[in-house]
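Following the numbering used here, the numbering of the sequence shown begins with 9 at its first residue and continues without gaps. Glycine included, every Cβ here is placed at the ideal spot set by N, Cα and C. Everything numeric in this text was worked out from a predicted model, so none of it was measured.
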Amino acid sequence: MSVLVVVECDGGEVKKSSLEVASYGSQVAQLLGTTATAIAVGEATEANLAQLGEQGITKVLYDAEPRLKDFVNGAYTKLIAAAAQQEDSKVIVLANSNIGAAVGSRLSVRLQASLATNVVELPKNDGGQFTVKRGAFSGKAFADVVLSGDRKILAVKKNSIEALHEAGKTAQVESFSAQLTDADFADAPKQVVMQEQTGGVLLPEADKVVSGGRGMKGPENWNLIEDLAKALGAATACSKPVSDVDWRPHHEHVGQTGITVSPNLYIACGISGAIQHLAGVNSSKVIVVINKDPEAPFFKAADYGIVGDVFDVLPKLTQAVKELG
Ligand SMILES: Cc1cc2nc3c(=O)[nH]c(=O)nc-3n(C[C@H](O)[C@H](O)[C@H](O)COP(=O)(O)OP(=O)(O)OC[C@H]3O[C@@H](n4cnc5c(N)ncnc54)[C@H](O)[C@@H]3O)c2cc1C
């Protein structure tokens, strides 16, 4: 019996959120007195998969079927279920990402497993019960959830756990086949057309995000957001009212009704910090808020706050970032 960790890869690389998930899974394995095996999905290289040893993974299974390069829910679910069966895994850990959330629910039906999403801590053995803490009510609260049943699936929220890094440790990479058929690819997307992204950085995966709200006054001032984003190598985002009035495209709107982001750095410029906005950004590692109103609610969620006018602060901040190189 081993803990099975689902590792998402893109362009040959393991995604950062999956390094966290691998670290989480190997710590769960330690708690249960077993080892952690990963099943890799997406486009991966053997060398990068072997490096998952640094996050405590012992073995990595990889199916090189070319159609698995892009996300196909049915095929990914069957692949992961087959790996769980081969490894007799009672605990399956995945990222609380778009892929993880979609596969997690399908997998729970297929394997008759209990599922907890948005998990933020390692599980506890609470009086013999397997208990996990998860974010609830758009991140405003936490819930302790008891998972029963033989199999459990945990979808781990990004930035909830530090990725382990034991330099030089490698995992054994094994080829794996789930014997997928054409029927498993019935829901494969025919074509994926990427929306135009500022600086070529994809918003949901971005490591840094510079975001603007109504305090930016109009689309003609967005060069201030874009200049800072370019200097930082960040993606740009906005609040809902900004995209509602077409100052920015809808795919940049973050929050409860928009995209959820979990970057290492989120800079909010002229955004009040309404609960619906926070719901999409509150798993960011470091939040910086620039707002001229010291009472703006966003300051309560900020790691760093600048009380000031965005038109004064942003050019200076961009200049300072450029000088730092
Ligand atoms: C069902 C529902 C779902 C929603 N979903 C979302 C969602 O997904 N995402 C989202 O963002 N919102 C969402 N909203 C809207 C949300 O409630 C807020 O109205 C919205 O987030 C406010 O956007 P804002 O902060 O840009 O604008 P405002 O609330 O108008 O705030 C502007 C801020 O800019 C500051 N400011 C003004 N001028 C300057 C200046 N020169 N320098 C510095 N600061 C300045 C002000 O002090 C103020 O704090 C939703 C609402 C509902 C009811």
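Continuous beta strand (DSSP E) stretch holding residue i: start and end
| i | result |
| --- | --- |
| residue 184 | No beta strand (DSSP E) holds residue 184; DSSP gives it neither H nor E. |
| residue 16 | 10-22 |
| residue 326 | Taken as a continuous stretch (DSSP letters only), residue 326 belongs to no beta strand (DSSP E), being part of the alpha helix (DSSP H) at 318-332. |
| residue 69 | 67-70 |
| residue 132 | 132-134 |
Opposing strand residues paired with residue i [DSSP bridges]
| i | result |
| --- | --- |
| residue 42 | Paired residues: none, contrary to the question. |
| residue 50 | 17 |
| residue 32 | None, per the DSSP bridge assignment. |
| residue 299 | 315 |
| residue 141 | 152 |
| residue 294 | 273 |
| residue 127 | 142 and 164 |
Distance cut-off 7 Å: residue i Cβ against heavy atoms of ligand 1
| i | result |
| --- | --- |
| residue 271 | no |
| residue 146 | no |
| residue 261 | yes |
| residue 256 | no |
| residue 169 | no |
| residue 176 | no |
| residue 265 | yes |
| residue 222 | yes |
| residue 197 | no |
| residue 137 | no |
| residue 299 | yes |
| residue 317 | yes |
| residue 247 | yes |
| residue 173 | no |
| residue 250 | yes |
| residue 94 | no |
| residue 282 | yes |
| residue 313 | no |
| residue 82 | no |
| residue 226 | no |
| residue 295 | no |
| residue 279 | yes |
| residue 41 | no |
| residue 108 | no |
| residue 304 | yes |
| residue 288 | yes |
Residue burial classification, residue i (beta-carbon count within 10 angstroms, cutoff 16)
| i | result |
| --- | --- |
| residue 75 | exposed |
| residue 35 | buried |
| residue 266 | buried |
| residue 3 | There is no way to answer for residue 3, as the model of the chain reaches only from 9 to 333. |
| residue 209 | buried |
| residue 79 | buried |
| residue 202 | exposed |
| residue 306 | buried |
| residue 226 | exposed |
| residue 241 | exposed |
| residue 216 | buried |
| residue 252 | exposed |
| residue 192 | buried |
| residue 274 | buried |
| residue 185 | exposed |
| residue 325 | buried |
| residue 211 | buried |
| residue 92 | buried |
| residue 50 | buried |
| residue 189 | exposed |
| residue 224 | buried |
Segment limits, alpha helix (DSSP H) that includes residue i
| i | result |
| --- | --- |
| residue 286 | 283-286 |
| residue 308 | 306-309 |
Beta carbon proximity, residue i to chain D, threshold 8 Å
| i | result |
| --- | --- |
| residue 310 | In the displayed structure, chain D is absent; only one protein chain is listed. |
Distance cut-off 7 Å: residue i Cβ against heavy atoms of ligand 2
| i | result |
| --- | --- |
| residue 243 | Ligand 2 is not part of the structure shown, which contains ligand 1 as its ligands. |
List in chain order: all unbroken alpha helix (DSSP H) runs of 4+ residues lying wholly within the region 93-123. 106-119
Start-end ranges of the beta strand (DSSP E) lying completely within the region 198-278, minimum 3 residues: 216-220, 243-246 and 273-277
Within the region 144-194, note down every full beta strand (DSSP E) run reaching 3 residues or more, in order along the chain. 149-155, 160-164 and 180-183
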